[in-house]
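Residue numbers (the numbering used here): 264 to 567. Backbone N, C-alpha and C define an ideal beta-carbon position, used for all residues, glycine too. Have a look at the structure below, then the notes.
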Amino acid sequence: MGMLDGKVAIVTGAGHGIGRGHALELAKHGAKVVVNDLGGSVSGEGEGRDADLTVGLIEKRGGEAVANYENVADHEGAGRMVQQAVDTYGRLDILVTNAGIVRDSAIWNMSESDFDAVIAVHLKGMWSPCHHAAVHWRKVNKETGRPVGGRVITTTSGAGLVGNFGQTNYATAKAGVAGFTQTLSLELGRLGVTVNAVGPAAATRITATMPGAPPVIEPDDVPEDEWNRMDPAVSSPLVAWLASDESAHVTGQVIRAVAEDIILMTGWTNGNQISNGGKRWDATKLGTQLATDVFKTRAPGLRY
């Protein structure tokens with residue numbers, strides 16, 4: 264018995280890299296997988312049938328999968344993708360939003376179209392599939408009166424969580440993924456759907472665009488009994504676990520999976536604070552107060 268037997272999953276951007284790793288891992292544990300990929304370049308141009316490659320690998324390993332070539336940033340196309348899962352396999356249990364592109368440059372060189380394209384794929388391309396999945400799950404919940412047990416796993420990045428030069432578009436989108444994940448977990452909680460974000464790191468087509476990056480690796484290039492810290496499938500076991508029934512108690516979390524480390528990100532939390540006792544702040548005095556008690560860039564001196 265596989266931990267995902269009987270479940271149906273959609274993985275977006277699964278023609279290559281991390282998405283392919285997720286699709287292979289979910290299928291390995293028994294899920295039927297809709298493999299989505301527009302088949303475009305790493306910067307989002309063109310289209311093709313790259314999803315067929317991953318479907319072929321799943322079938323060769325004894326799993327079950329179908330290809331989907333929709334553009335996830337096309338709202339109606341995302342709806343057709345969700346409907347394909349329901350029409351083909353009779354249900355939808357897992358949605359992994361992984362599709363992404365990059366168009367890097369410093370902000371003074373970045374064009375408006377490069378900003379818009381990256382935001383569209385990473386944010387709208389996450390929101391639209393989640394919207395249609397939520398509509399479906401809400402309908403099922405109303406019809407059955409029971410929690411649907413759905414799983415949404417979004418994809419963030421270290422660039423969005425801690426920043427990265429030359430990626431004001433990509434980092435903005437990936438930071439947005441974290442906020443979206445926390446909010447959607449609140450909205451879907453009563454339906455019995457969990458929502459978590461995973462932040463992977465690997466040698467992919469996206470990282471290969473950066474200076475000094477390692478060569479691209481596909482997850483099927485790495486034998487299952489070998490370890491490669493840049494394997495695109497490094498984070499896939501975590502995704503499979505989050506997709507399982509065993510993870511029902513975990514939602515609204517942002518988790519990085521980098522090489523051998525799994526790291527829970529705590530996000531924005533209250534740090535040092537000062538209070539002015541119900542009075543208006545005085546800008547001429549605020550600098551000293553902030554330096555002393557918030558930023559700790561000034562010694563406070565003796566206090567009794």
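Ends of the alpha helix (DSSP H) at M344? On the sequence shown, residue 344 is found 81 positions in, with the first residue counted as 1. It spans 338-352 - the alpha helix (DSSP H) in which M344 sits, taken as one unbroken run.
Between which two residues does the alpha helix (DSSP H) carrying A314 extend? Walking along the sequence shown from the start, residue 314 turns up at place 51. That run of the alpha helix (DSSP H) goes 314-323.
Under 8 Å, do I209 and N404 count as touching if we go by C-beta distance? The chain is shown only over 264 to 567; residue 209 falls outside these bounds and no answer can be derived.
Should the stretch 305-319 be regarded as contacting the stretch 527-547, the criterion being three or more beta carbon pairs within less than 8 Å? Contact fails: fewer than three Cβ-Cβ distances are below 8 Å.
Span of the alpha helix (DSSP H), counted from its first residue to its last, around M528: As a position in the sequence shown, residue 528 is number 265, starting the count at 1. Counting along the chain, no alpha helix (DSSP H) covers M528; the unbroken beta strand (DSSP E) around it starts and ends at 524-528.
Would you identify the three-state DSSP class for K542, choosing helix, strand or coil? Along the sequence shown, one-based indexing puts residue 542 at 279. Annotated three-state conformation of K542 is coil, per DSSP.
Taking the CB atoms as reference points, tell me whether P477 and M493 lie closer together than 8 Å. By one-based count along the sequence shown, residue 477 stands at place 214. By one-based count along the sequence shown, residue 493 stands at place 230. It is a contact, given that the beta carbons lie within the stated cut-off.
N331 vs V384 beta-carbon contact at 8 Å: Within the sequence shown, residue 331 is the residue found at index 68, counting from 1. Within the sequence shown, residue 384 is the residue found at index 121, counting from 1. Judged by beta-carbon spacing, V384 lies beyond the 8 Å limit of N331, meaning their Cβ atoms are not closer than that value.
Mapping the DSSP letters down to three states, classify N361 as helix, strand or coil. Counted from its first residue, the sequence shown places residue 361 at position 98. The answer is coil: DSSP assigns N361 none of H, G, I, E or B.
Answer with buried or exposed for W390, where buried requires no fewer than 16 other C-beta atoms within 10 angstroms of its C-beta. Residue 390 sits at position 127 when you count from the first residue of the sequence shown. Buried: at least 16 other Cβ atoms inside 10 Å.
Report the CB separation of V345 from H285 in whole angstroms; it is logged as a contact under 8 Å. For this step, residue 345 is matched to residue 82 along the sequence shown. For this step, residue 285 is matched to residue 22 along the sequence shown. The C-beta separation of V345 from H285 comes to about 17 Å, leaving the pair out of contact by the 8 Å criterion.
Excluding five sequence neighbours on each side, which residues of the same chain lie with their C-beta closer than 6 Å to the C-beta of N491? In the sequence shown, the residue the question calls residue 491 occupies position 228. So the list reads V485, once near-sequence residues are dropped.
Thinking just about the alpha-carbon of each residue, which of A434, V411, G442, A522 is nearest to the one in A464? Locating residue 464 in the sequence shown gives position 201, where the first residue counts as 1. The candidate whose alpha carbon is nearest that of A464 is A522.
Segment contact, 8 Å Cβ cut-off, at least three pairs: the stretch 501-512 with the stretch 297-310: Taking a cut-off of 8 Å for Cβ pairs, the stretch 501-512 and the stretch 297-310 do not touch, as fewer than three such pairs fall below it.
Excluding the 5 residues preceding and the 5 following V305 in the sequence, name in chain order all residues of the same chain whose CB lies nearer than 7 Å to its CB. Numbered from its first residue, the sequence shown carries residue 305 at position 42. The residues I364, V365, R468, I469, T472, in chain order, have a CB closer than 7 Å to that of V305 in the same chain once the five nearest residues on each side in sequence are set aside.
So, are the CB atoms of A438 and L424 less than 8 Å apart? Taking the sequence shown and counting its residues from 1, the one referred to as residue 438 is at position 175. Taking the sequence shown and counting its residues from 1, the one referred to as residue 424 is at position 161. Cβ atoms of A438 and L424: closer than 8 Å.
Evaluate V461 with the Cβ neighbour count: other Cβ atoms within 10 Å of its Cβ, from every protein chain shown; 16 or more gives buried, anything less gives exposed. Locating residue 461 in the sequence shown gives position 198, counting from the first residue. Its Cβ being crowded by 16 or more others within 10 Å, V461 is buried.
Give me the Cα-Cα distance between A434 and A348, rounded to the nearest whole angstrom. Residue numbering aside, residue 434 sits at position 171 when the sequence shown is read from its first letter. Residue numbering aside, residue 348 sits at position 85 when the sequence shown is read from its first letter. Spanning the two alpha carbons is a distance of roughly 31 Å.
Can you tell me whether V557 is buried or exposed? The criterion is at least 16 other CB atoms within 10 Å of its CB, across all chains shown. Here the question's residue 557 lines up with position 294 in the sequence shown. V557 is exposed by the Cβ-count criterion.
Quick one: grab the DSSP three-state call for V521. For the purposes of this step, residue 521 is taken as residue 258 along the sequence shown, with counting starting at 1. Looking at V521 - three-state DSSP - the assignment turns out to be strand.
Going along the chain, which residues of its own chain have a beta-carbon closer than 7 Å to the beta-carbon of V411, five neighbours each way excluded? As a first step, residue 411 must be located in the sequence shown, where it is residue number 148. Closer than 7 Å at Cβ, skipping near neighbours: W400, V403, N404, L454, G455, V456.
In angstroms, rounded to a whole number, what distance separates the CA positions of V359 and W371? Here residue 359 is taken as the residue at index 96 of the sequence shown, counted from 1. Here residue 371 is taken as the residue at index 108 of the sequence shown, counted from 1. The alpha-carbon atoms of V359 and W371 are separated by roughly 34 Å.
Inter-residue spacing [alpha-carbon to alpha-carbon] between K323 and K291: Against the sequence shown, residue 323 aligns to sequence position 60. Against the sequence shown, residue 291 aligns to sequence position 28. Cα to Cα, K323 sits roughly 11 Å from K291.
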